[in-house]
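K.L.:
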Amino acid sequence: MTDTATQIKDTISSNDVVLYMKGTKEMPQCGFSSRVAGVLNYMGVDFADVNVLADEAIRQGIKDFSDWPTVPQLYVKGEFVGGCDIITEMTLSGELDTLFEQKGVSFDKDAANKIREANG
1 MTDTATQIKD TISSNDVVLY MKGTKEMPQC GFSSRVAGVL NYMGVDFADV NVLADEAIRQ
61 GIKDFSDWPT VPQLYVKGEF VGGCDIITEM TLSGELDTLF EQKGVSFDKD AANKIREANG
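No gaps in the numbering here: position 37 of the sequence shown is 37 in full-length UniProt numbering, and each next residue is one more.
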């Protein structure tokens, strides 16, 4: 395994929820990253953010690691969940709530319901 892959694996294994994104959770640098970070922030999920724009090796490395061509990428308890479209779909269907519940990740259920109500 390369140093980059080792670094990615360490980050994913040492944090319950990790979002590889363009920018940071406080200042996303693209609409897709902003949407996923916004959902997680609104739902009160404690997550680590990794800014792929700050490190070209990580930017390409995360795509190779997950075999997924785009960023953002969400990991929950070491498991790759998906990108923006998948996270949006899972949020609206309630699947993301279920995943967080199964994995023991705390989140604000009322906030999740508000997202669904606003987009229903």
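Here a beta-carbon is modelled for each residue, glycine too, at the ideal position from N, C-alpha and C.
Can you check the segment 31 to 99 for any alpha helix (DSSP H) of at least 4 residues that lies completely inside it and give the ranges in chain order?
P.N.:
List check, alpha helix (DSSP H) in window: 31 to 42, 56 to 66 and 84 to 93.
K.L.:
Since M21 is in the beta strand (DSSP E), which residue starts that stretch and which ends it?
P.N.:
Working through the sequence shown from its first residue, we reach residue 21 at position 21. Counting along the chain, the beta strand (DSSP E) containing M21 begins and ends at V17 to M21.
K.L.:
For the putative contact between K116 and L92, defined by C-beta atoms under 8 Å, what is the C-beta separation to the nearest angstrom?
P.N.:
In the sequence shown, residue 116 corresponds to position 116, counting from 1. In the sequence shown, residue 92 corresponds to position 92, counting from 1. Correcting the residue type first, residue 116 is Arg in the shown sequence and not Lys. Contact holds; Cβ gap of about 6 Å.
K.L.:
Taking the alpha carbon of L40 as the reference point, which residue from L53, T4 and F107 has its own alpha carbon closest?
P.N.:
The count along the sequence shown starts at 1 and reaches residue 40 at position 40. When only C-alpha atoms are compared, the closest one is F107.
K.L.:
Taking Cβ positions, are P72 and F32 nearer each other than 9 Å?
P.N.:
By 1-based counting over the sequence shown, the position of residue 72 is 72. By 1-based counting over the sequence shown, the position of residue 32 is 32. Against a cut-off of 9 Å, the Cβ pair of F32 and P72 comes out as a contact.
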